[in-house]
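What follows is a set of notes on a single structure, which appears directly below.
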Amino acid sequence: MALKHLVGLAAVALTGARAQSSSAAACPSPIAPAHGAPSVAPGFRVSVVANNLREPRGIQFDAAGGLLVVEQGFGISRVPLTGDGACVRQNGATQTVVENNELNHGIALSADGRTLYGSTHSNIYSWPYNAQEGRVTGTSRNLVENMGDAEGHTTRTLLLSSKVPSLLLVSRGSVGNIDPQTVDVTTGVSTIKAFNISNVTNTAYQHPRDGLLLGWGLRNSVGVAEDPVTGAIYSVENSVDNIQRSDRTINQNNPGEELNFHGYLNGTQSNVTGGNYGYPSCFAAWNVTEIPDNQGLQTGSQFAIGNQNATVNDTYCREGRIAPRITFDAHMAPLDIKFNTNGTAAWVSMHGSWNRQVPIGYKLSMVEFDGNGSPRAAANSTTAAVDIVSNSNLSACPRGCFRPVGLAWDSRGRLFMSSDSTGEIYVITKTDGSGINDVSRASNSGGGGNPTGSAPSPSATTGSGVRVVSKGSYWAAAAAIVVGTLPFV
């Protein structure tokens, strides 16, 4: 899909924003991007603030304005920053905060900034942290364990709820492209769970059996976020590769990546919390015309993989599994999602495809929300995501491109983004260098899809059935899918 670009600040409806000038003021001693200047939507500006990092993944600002970075295969580092507007630069040497080569992605900080959290493929740890000194001040505590071996999807994304600060969310992906053990919720695989960290003891939680289940049947939901207004929990899902349907390969443009709604942690009732989102049997349609036997399907519809049978079929997927709230183009690999302060936009990093003839993704996109916990676009929209920053030459991807991963807001409303492939940190601002956390409208705000369809409130989402597919039926449905080696996403 060719996502529409913004056409100007008037279309974006920036609160109090200036019109874009013909040339932004140059920053002293700029850092050249590793693969040339990115393409940037009108009204925005992007700059490299740090480079030479070791595969930076999750990022988080501390209370003193230092940027904490998970360097995959090394640990957690702190990058000191200085500068106004868009002219932010690293200010001094990168500091080692935690040296642990199994830390690979997940990071979070407590609301008071005094406790740091990080994850490996198997465990979640916490450390006492001093932001002014940029270091941990004590030994680690093991909070959650038994989250799997170092195979398949090994990231364990962390999110501390701002509505219920005692709850720490963790997203755990599948072991393989199609993972048969995920039909059993008690394995804890392909789930999002929340753990109460206000009453931790010397005994760690056991991930498969403990915690509050927000959702399962989620292949690899690397990005997780909480809407700041309502407390709605959303995730972005990396869907399956090499899919077939009725003995035909349809993997170029199907299935779509997903934006899923998981209910709330603050007591608001929802009929989706703890529900099943389809994997490994049901997936979201993107390009319906390429799907055989597509009667009744539209973008975002759940459909069955392989050859339909009496147990696993489109009716079962539609009625017994939760459909995404928004569907993105196939293989874009969304890895993070961050809401702005008033819940009117969600920013999504698209790491980019690895298994597609024509590369896609490799960008930072924005999805418009209504300020009340729901995307404005209809569920069958194909234009909900708007490109903000992207690689100018996708034919060079993946090796010749930046690949967005982690996102973090600083105290001035500037958005920072890591690129693991290039070892860089970028900052995104308005053209005048001011923050972008008041950006609220996109040019294609109609959302596409069915012009008569409305965007339902998250609390009204349907299809929360959690029926488990028998392993025999699962294998009958999945027999035609190629199971290959997974990239690190």
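Reading the sequence shown from the start, the letters are residues -19 to -1, 1 to 470 in mature numbering (1 follows the signal peptide of the UniProt record, and there is no 0). Built from N, CA and C at the ideal position, the CB exists for glycine as well.
Mapping the DSSP letters down to three states, classify Gln71 as helix, strand or coil.
Three-state DSSP puts Gln71 in a strand.
In the DSSP output, what is Arg59 paired with across the bridge?
Arg59 is bridged to Leu49 and Gln76.
Is it true that the CB of Asn32 sits closer than 7 Å to the CB of Gly56?
Their beta carbons are not under 7 Å apart, which means Gly56 does not touch Asn32 by this criterion.
How is Ala(-9) classed by DSSP in three states: helix, strand or coil?
A caution first: Ala(-9) carries a pLDDT of 40, below 50, which makes its placement in the model unreliable, though a value can still be read off. Note: Ala(-9) maps to helix in three-state DSSP.
Determine, using beta carbons only, whether Ser373 and Ser152 come nearer to each other than 7 Å.
Cβ atoms of Ser373 and Ser152: not closer than 7 Å.
From the DSSP output, in three-state form, read off Tyr260 for me.
Tyr260 falls in the coil class under three-state DSSP.
Less than 7 Å between the beta carbons of Thr138 and Val203, yes or no?
It is a contact, given that the beta carbons lie within the stated cut-off.
Given this structure, state the Cα-to-Cα distance separating Gly416 from Ser334, to the nearest angstrom.
Taking the straight line joining both Cα atoms gives about 29 Å.
May I have a chain-ordered list of the beta strand (DSSP E) segments no shorter than 3 residues that lie completely inside the segment 231 to 309?
Listed in chain order, the complete beta strand (DSSP E) runs (minimum 3 residues) inside the segment 231 to 309 are 238 to 245, 263 to 265, 283 to 285 and 307 to 309.
Is it true that the CB of Thr280 sits closer than 7 Å to the CB of Asn361?
Yes; because the gap between Cβ atoms is below 7 Å, this pair is in contact.
Enumerate in chain order the residues of its own chain whose CB-to-CB distance from Gly212 is below 7 Å, with the five nearest sequence positions on each side excluded.
Answer for Gly212: Lys144, Tyr245, Leu246, Asn247 and Thr249, listed in chain order.
Under 8 Å: do the segment 64 to 84 and the segment 99 to 107 share three or more Cβ pairs, one atom per stretch?
Yes: at least three Cβ pairs fall under 8 Å.
Helix, strand or coil, according to DSSP, for Pro187 in the structure here?
The question names Pro, but residue 187 is Gln in the sequence shown. The answer is strand: DSSP assigns Gln187 an E or B state.
I'd like the span of the beta strand (DSSP E) that includes Lys319, first residue to last.
Element bounds for Lys319: Pro315 to Phe320.
Going by Cα to Cα distance, which pick from Gln53, Asn177 and Pro209 is closest to Asn418?
That would be Pro209, whose Cα lies nearest to the Cα of Asn418.
To which residues does DSSP link Glu405 through a beta bridge?
Looking at the DSSP assignment, Glu405 forms a beta bridge with Ser400.
Check this for me: beta carbons of Leu97 and Tyr110, under 7 Å apart or not?
It is a contact, given that the beta carbons lie within the stated cut-off.
Determine the DSSP secondary structure at Gln41, reduced to helix, strand or coil.
DSSP places Gln41 in strand when its eight states are reduced to three.
Are Pro315 and Glu238 touching if we call contact CB-CB under 7 Å?
Result yes, Cβ atoms of Pro315 and Glu238 sit closer than 7 Å.
With the cut-off set at 7 Å, would you say His188 and Gly169 are in Cβ contact?
A contact, by the Cβ cut-off of 7 Å.
So what does Thr172 bridge to, in DSSP terms?
DSSP output for Thr172 lists Arg153 and Trp197 as bridge partner(s).
With 16 other CB atoms within 10 Å as the buried threshold, where does Val463 fall?
At Val463 the pLDDT is 42, less than 50, meaning the model places this residue with poor confidence and gives no usable figure here.
Taking 7 Å as the cut-off, decide whether the C-beta atoms of Arg395 and Val408 are in contact.
The answer is yes: Cβ separation under 7 Å.
Would Asn290 be called buried (16 or more neighbouring beta carbons within 10 Å of its own) or exposed?
Exposed.
Am I right that Val30 and Ile406 are in contact with their C-beta atoms under 8 Å? What's the rounded C-beta distance?
Rounded, the Cβ-Cβ distance is 5 Å, consistent with contact.
Please say whether Gly192 and Phe176 have beta carbons closer to each other than 7 Å?
Contact flag set, yes.
By Cβ distance below 6 Å, which residues in the same chain neighbour Glu126 in space, the five residues on each side in sequence not counted?
The residues are Asn104 and Ala185.
Of all the options Ile40, Thr136 and Gly119, which has the alpha carbon lying nearest to the alpha carbon of Val470?
Minimum Cα distance to Val470 is reached at Thr136.
Between Ile88 and Gly39, which are expected to be in contact by the criterion C-beta below 8 Å, what is the C-beta distance as a whole number of angstroms?
Indeed they touch by this definition, with Cβ atoms about 4 Å apart.
Could you give the distance in angstroms between the alpha-carbon of Leu140 and the alpha-carbon of Ser91?
So the alpha carbons of these two residues sit roughly 10 Å apart.
How many angstroms separate the CA atom of Asn336 from the CA atom of Ala74?
Each residue's Cα considered, the two are about 37 Å apart.
Could you check if Glu277 is buried or exposed, using at least 16 other CB atoms within 10 Å of its CB as the buried criterion?
First, the residue type needs correcting, since residue 277 is Gly and not Glu in the sequence shown. Classification for Gly277: exposed.
Relative to the C-alpha of Glu52, which residue among Arg422, Glu300, Tyr260 and Val78 is closest?
Measuring from the Cα of Glu52, the nearest candidate turns out to be Val78.
From this set, Asn353, Pro340, Gln338 and Gly324, which residue's C-alpha is nearest Met347's C-alpha?
Looking at the Cα atoms, Gly324 is the closest of the given residues.
How is the beta strand (DSSP E) around Arg122 delimited, first residue to last?
Its beta strand (DSSP E) spans residues Arg122 to Glu126.
Taking Arg393 as the reference, give the member of Ala266, Gly66, Ala22 and Gly24 with the closest Cα.
The candidate whose alpha carbon is nearest that of Arg393 is Gly66.
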